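Heads up: the sequence shown begins at 903 in the numbering used here, then just goes up one per residue. Quick reminder that beta carbons are idealized off the backbone N, C-alpha and C, glycines included. Source: prediction; values computed, not measured. These notes are about the structure you will find just below.
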Amino acid sequence: MNSPARNAAKSPRSPGEEGIHAVYWQTSARRRPRPRLDAAAPKRVDVLIVGGGYTGLSAARALKAAAPGLRIAVVERRFVGYGASGRNSGFLTPLIGHDLASLRRRFGERVGKVLADVGRDAVRELIATIEGDAIDCDLEPSGLANPGFSPAHLRQVDRLCAAAEAFGIDHERWDATRTREELGVDWLRAAFYLRDGGILQPFKLAQGLAARAEAEGIEVFEESLVDDLELGPTVRARGPWGTIAADMCVIATNAYTRRPRGYRWHYAPIHVYSVVSAPLRPEQRAAIGGWPRRVGFYTLHHILYALRLTADNRILAATGDVRYFAGDRLHVGDRPRDYALLKNAITWMWPALADLEIEHRWEGVVGVTLSDLPSVGRHRRHANVVHALGYCGHGVALANHAGGLVRDLLLRRPGIHEELPFVRASPIPPVPPEPLRTPVAAAYLGVLRGLDALSDRHAPRWRRRPPRFGRG
């Protein structure tokens, strides 16, 4: 293999050439260039991992720790952390599915507790990894809050507390006073708080995981497109660089998965938008109560608003609304109205920040399943091929935890995967192909928007959602 210095990728490229804005996380952190696959690269490995995000890196490290003799190659189309691993909001969430109450209602006490424990343990494991490997990713294990303002939200807070109590999950119920003290928002009426959780810099995490993987003897290649995968007892990946063969393969490309085509039944790529403000001045921070413990929070909606501070005291606002584009298109361009909605969400929460400037805005693509659960499993015909994708917006902890599930499936080891309802070869329910895919996605998102509108009822009209106007 050529040395990284001689065969390194060129300087980091902004995603701007795809018509979207540069990602704050990616432009504010150092990216170490890595080699491309070329004629001098290995022609055969024991394990080929397609995708250089959290899933691929965690799977590589878990496999290497379990079987140090394996030769493992991680192949990334662009650069480590290019996709959701470097575009997400940086929330460390202990959740599988929508929330704890929905797990309890849907799966009952026993299976619901198994899933709740996996979500909590995923957070604890990742924190231990970050601290144990000394990964500099601005980790703040400050928990996660879900505040609400309508009567329906207050009932949901009660249901979340009851589910957490039933599952043995550490939590708190905040009244209006405590919520105001913690978040600086004077009109929220209550909040559900999970102690296991926090915030971090997601791109730094991806880069740190890749550096640790390389130190452990795992080969990581960037700018190496895989445009064909031939499955069988020997897996063959092909691209402009040639062919590489492997005994085992991991599909770890999440919302970017295009090959093999059957995986499109597992998920739909949903577009999510984020903005980051200028750093708060001391008087602005004081005007919102200081945000003393810097707890990040999600609103109690299906299509939620996510708000948090960055390490340099900027406010990030994300989601607000989401999009599906026909044909599974990715990075389709600028969305000024969606960015304006997120700017208005900041003012919605904190009117004193009406003059806060937005300095960064970008698009991400999330793998979403119709079950609201991840999709992990062996290929239905090829047991040497395993996939993990579709984290539905909770991928920081879950995608890193998925590495252990992938390891156990590939090496045929017993483990928690045997009890998890989302570990299976085929998705239930599947996401249909076109021409049904676009109307199904539209109907699904329409139902979520309708449920959110119902939950906001009986709150003052001006408090229900941010206005859809203004400058982004």
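- Our two residues, Gly1266 and Pro1341, have alpha carbons roughly 21 Å apart in a direct line.
- In this structure, DSSP gives Val1298 a helical state, which the three-state scheme calls helix.
- According to the DSSP assignment, Thr1145 belongs to the beta strand (DSSP E) that extends over 1144 to 1153.
- Where Trp1076 is concerned, the enclosing beta strand (DSSP E) starts and stops at 1073 to 1077.
- Per DSSP, Tyr1241 is one residue of the alpha helix (DSSP H) stretching across 1238 to 1251.
- Per DSSP, the beta bridge partners of Val1325 are Val1278.
- Under DSSP, His1173 forms a beta bridge with Arg1225, Val1267.
- Judged by their CB atoms, Gly1110 and Ile1037 are nearer to each other than the 8 Å cut-off.
- Taking Leu1211 as the centre and dropping the five residues before and after it, the same chain places the C-beta of Trp1193, Arg1196, Ile1217 closer than 7 Å to its C-beta, in chain order.
- Classified as exposed, Leu1356 has fewer than 16 neighbouring CB atoms from the shown chains inside 10 Å of its CB.
- Residue pairing by DSSP places Asp1040 opposite no residue, since no beta bridge is assigned to it.
- Here His1262 is buried. Its C-beta has 16 or more other C-beta atoms within 10 Å.
- According to the DSSP assignment, Phe1105 belongs to the alpha helix (DSSP H) that extends over 1104 to 1117.
- The DSSP assignment places complete alpha helix (DSSP H) segments of no fewer than 4 residues inside the region 1178 to 1221 at 1184 to 1189, in order along the chain.
- By alpha-carbon distance to Val1268, the top candidate from Leu1002, Gly955, Leu1131 is Gly955.
- Here Ala961 is buried. Its C-beta has 16 or more other C-beta atoms within 10 Å.
- The Cβ atoms of Leu1307 and Ser1179 do not sit closer than 8 Å to each other.
- Beta-carbon to beta-carbon, Ile1101 and Gly1198 are separated by about 5 Å, close enough to satisfy the 8 Å threshold.
- For the 8 Å CB-CB criterion, Ala1003 and Arg1061 form a contact.
- Rounded to whole angstroms, the separation of the alpha carbons of Ile1318 and Phe1051 is 38 Å.
- By DSSP's assignment, Asp1130 forms a beta bridge with Arg1140.
- With a cutoff of 8 Å on beta-carbon distance, Ala943 and Phe1123 are scored as near each other.
- Contact check between the region 1267 to 1284 and the region 1167 to 1177: three or more CB pairs, one atom from each, fall below 8 Å, which counts as touching.
- As the crow flies, the alpha-carbon of Leu1046 is around 46 Å from that of Gly1144.
- Within 10 angstroms of the beta-carbon of Glu1321 lie fewer than 16 other beta-carbons, which makes it exposed.
- With fewer than 16 other Cβ atoms inside 10 Å of its own Cβ, Glu1067 counts as exposed.
- In the DSSP assignment, the residues bridged to Val952 are Val977, Ile1153.
- When the Cα atoms are used, Leu1347 and Tyr926 turn out to be separated by approximately 27 Å.
- Judged by their CB atoms, Arg933 and Phe993 are not nearer to each other than the 8 Å cut-off.
- Cβ atoms of Ala969 and Gln1103 stay farther apart than 8 Å, at about 31 Å.
- The three-state secondary structure of Leu1313, taken from DSSP, is coil.
- With distances taken between CA atoms, Leu1232 lies nearest to Tyr984 out of Ala975, Tyr984, His1303.
- The beta carbon of Asp1310 sits closer than 6 Å to the beta carbons of Gly1317, His1319 from its chain, once the five residues preceding and following it are set aside; these are given in chain order.
- His1360 is not bridged by DSSP to any residue.
- About 19 Å separates the beta carbons of Ile1120 and Val1287, which is beyond the 8 Å limit, so they are not a contact pair.
- Distances from the CA of Arg946 to each of Asn1302, Pro1332, Gly1279, Asp1149 were compared; the closest alpha carbon is that of Asp1149.
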